[in-house]
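Per our numbering, the sequence shown starts with residue 683, numbered consecutively.
From the three backbone atoms N, C-alpha and C, an ideal C-beta is built for every residue, glycine too.
The structure presented is a predicted model; accordingly, all values stated were derived computationally and were not measured.
A quick write-up on the structure given underneath.
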Amino acid sequence: MPDELVPEGAALAKPLDDPSLYPGLDPTNLRHRLRDFPDQCRTAWAEASAFSLPPSYAGARRVVVAGMGGSAIGGDLLADLASLEDSPPIVVSRDYRIPGYVDEDTLVLACSYSGETEETISAFRQALSQGAKVVAVTGGGTLAAEAQEHDVPVFRVTYKGEPRSALGYSFIVPAVLLMKLGLVSDKARDFDEAMPILDGLVPELAEGCPSTGNAAKALAADLLDKLVDIYGAGIFHGVARRWKTQFNENSKVWSAFESLPEAHHNSVVGYPLPAGVKDRTFVLLLTPGHLHPRTRLRYEITHSLLEREAIHRRRLEGRGEGPLSQMLSTILLGDYVSYYLALLQGINPSPVSVIDYVKERLTNPT
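Take a look at the structure:
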C-alpha cells in the first residue's frame, strides 16, 4: 500500500463518500465486480483445475499467449510470475501474427473474452497452421466455434462483465493450466496466501470505506488532472502495465508505464520537464518485495531524481510475502484507484466508446 496510508488527496476525495454518487455514475455496477474480485479468482482457479487437457500438451517447450487488451494482460502477469523459476519461456503476442518459431513444441493460449477479437482469431488460425498445441480461452464467439471445429480444447469463460474486469480468468486460468501440465510449479500455497489478503483488502478500498481511511480514494484525488506514469520491475512489470491500461479504460486519461532498470538507460534523461508539464505529472513507483538488490537501489535513485526535479511521486508496495499475493493486492489497489478517478471526473468508468468507434471503423473503413 502507499508509503503514507492516506495521501494528501483525502480531503479532495470526500465526494466519493456520498453513497448517492454511485448509482448515477456507475449504473452497470463496476464497483460490485471490483468487490467480487477475490471470489472471481477462486472460481477461475476451481474451474481451471477441473479442466482437462491432452497429455501431449505437457511436452511443450515454450508458451505463447495470444490476446489483446484485457485478455492479454494475464499473459504478462503469468510471464512475470514464471520468471522466478526454471520454466519454459512465456511470450505474449499482441498482433495478427504469432512468432515464426511457433511449432509443434509450442503451447499457444488464444485468449479472447468475446471470442471476436480479430487479431486473436488470426493468431489462432496461424497457430493451427504451424502445428502448435492450442487452447482457446474465451467466452464464445468465432474463436470458440473454430476451436471446436478443429477439436481444440476450449476453456469457457462464464464471467459477465468488461474484459478488463475478468482478470481472475485471464491470469489465474492460464497459470493453473500451465501448472496442470507441469510447465510451471504448483502455485496452490501462494494462492491460498493471496485470497485472505484480498478478502481483507476489499473492505479497505471499497466505496463504503470513508476517504479518511481509504488509500484508493485518496490516491485517486491526488491523481486528478495529472498525467500518470507508472514504474514497475521484476514481478511488477505486468502490474505496472495493468495500472496504465486501467487508467486508460476506466479513468479515460493519458497514462504510461516504465520498467526498471531499463528506465535508467533512457527515461530519466527526460525528467527536467517543462514546468507546465512537470506540475501535472505524477509518478507511481510500484515496488515488489522480490527484487534484485541493485534494482531495489535503482528505485531509491529514481525517487531521489524525481524529488530533485520536484515531480509528484509516490511509492506503493503490495501485501503478503508470496509473489501472487503482492501482484494481486497491488492490482486490486490500482483497479480501485482508476475507478475512483473516473468518478471524480464525473465519468462512468465502464463504457469504452472510443474502442467501439475503432472497431466500427475497421468494420466499415470507408
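Quick one: grab the DSSP three-state call for Arg-723.
Reading off the sequence, residue 723 comes out as Cys, not Arg. When DSSP states are grouped into helix, strand and coil, Cys-723 belongs to the helix group.
Relative to the C-alpha of Asp-699, which candidate in Gln-1008, Ala-915 and Gly-890 has its C-alpha closest?
Checking every option, the nearest Cα to that of Asp-699 belongs to Gly-890.
What is the C-beta distance between Gly-797 and Gly-821, in whole angstroms, given that I count them as a contact (C-beta under 8 Å)?
The beta carbons of Gly-797 and Gly-821 sit about 6 Å from each other, so the pair counts as a contact at 8 Å.
Which residues DSSP lists as bridging Tyr-646, in chain order:
With the chain covering only 683 through 1048, there is no way to say anything about residue 646.
Is the segment 735–755 close to the segment 781–791, with three or more CB pairs under 8 Å?
Yes, they touch.
Give every residue of the same chain whose Cβ lies closer than 6 Å to the Cβ of Arg-776, excluding the five residues on either side of it in the sequence, and list them in chain order.
When the five nearest sequence neighbours on each side are left out, the beta carbons in the same chain lying within less than 6 Å of the beta carbon of Arg-776 are those of Met-750 and Ala-754, in order along the chain.
Going by other Cβ atoms of all chains shown within 10 Å of its Cβ, with 16 needed for buried, is Pro-1031 buried or exposed?
Counting Cβ neighbours within 10 Å, Pro-1031 comes out buried, since at least 16 surround it.
Run the CB neighbour count on Gln-928, radius 10 Å, all protein chains shown included, and call it buried at 16 or more, exposed below.
Buried is the label assigned to Gln-928, since at least 16 other Cβ atoms lie within 10 Å of its Cβ.
Sub-7 Å separation of Pro-681 and Val-817 beta-carbons
Nothing about residue 681 can be read from this structure; the chain reaches only from 683 to 1048.
From Gly-914, Gln-808, Ala-728 and Pro-736, pick the residue whose C-alpha is nearest to that of Gly-870; which is it?
Looking at the sequence shown, residue 870 is not Gly but Ala. Per the Cα distances, Ala-728.
Does DSSP classify Arg-962 as helix, strand or coil?
Here Arg-962 sits in coil by DSSP.
Express the C-alpha separation of Gly-757 and Leu-859 in angstroms, rounding to a whole number.
Distance from the CA of Leu-859 to the CA of Gly-757, rounded to the nearest whole angstrom, comes to 12 Å.
DSSP on Lys-869, reduced to helix/strand/coil?
DSSP places Lys-869 in coil when its eight states are reduced to three.
Buried or exposed, going by whether 16 or more other CB atoms sit within 10 Å of the CB of Leu-766?
Result: exposed.
When His-919, Pro-1005, Phe-733 and Asp-961 are compared against Asp-874, the one with the closest alpha-carbon
Comparing Cα-Cα distances from Asp-874 to each of His-919, Pro-1005, Phe-733 and Asp-961, the minimum goes to Pro-1005.
How many Å lie between Trp-936 and Ser-738 at the Cα?
Taking the straight line joining both Cα atoms gives about 44 Å.
For the alpha helix (DSSP H) that contains Arg-919, what are its first and last residues?
Before going on, a small fix: residue 919 reads as His here, not Arg. If you look at His-919, you'll find it in the alpha helix (DSSP H) that goes 919–928.
Cβ-Cβ distance between Ala-902 and Tyr-1022 below 7 Å:
Result yes, Cβ atoms of Ala-902 and Tyr-1022 sit closer than 7 Å.
Using a 10 Å radius around the Cβ and a threshold of 16 neighbouring Cβ atoms, would you call Ile-983 buried or exposed?
It is exposed - the Cβ of Ile-983 has fewer than 16 other Cβ atoms within 10 Å.
Count the other C-beta atoms from every protein chain shown that fall within 10 angstroms of the C-beta of Pro-1047, then say buried if there are 16 or more, exposed otherwise.
Pro-1047 counts as exposed, since fewer than 16 other C-beta atoms from the protein chains shown sit within 10 angstroms of its C-beta.
Exposed or buried, what is Asp-872 when buried is set at 16 or more other beta-carbons lying within 10 Å of its beta-carbon?
Answer is buried; the Cβ neighbour count reaches 16.
Within 7 Å, strictly: CB atoms of Asp-762 and Gly-920
For Asp-762 and Gly-920, yes; Cβs fall inside 7 Å.
Closer than 7 Å by C-beta to Leu-716: which residues in its own chain qualify, once you throw out the five before and the five after it? Chain order, please.
Cβ neighbours of Leu-716 beyond the five flanking positions: Asp-1017, Tyr-1018 and Tyr-1021.
Nearest-angstrom Cα separation, counted from Tyr-795 out to Ser-867:
A direct Cα-Cα distance of roughly 26 Å separates Ser-867 from Tyr-795.
Cβ-based burial, Pro-701 [other Cβ within 10 Å; buried from 16]:
Residue environment analysis places Pro-701 among the exposed positions, since fewer than 16 neighbouring C-beta atoms fall within 10 angstroms of its C-beta.
7 Å Cβ cutoff met for Ile-1037 and Lys-934
The Cβ atoms of Ile-1037 and Lys-934 lie no closer than 7 Å to each other.
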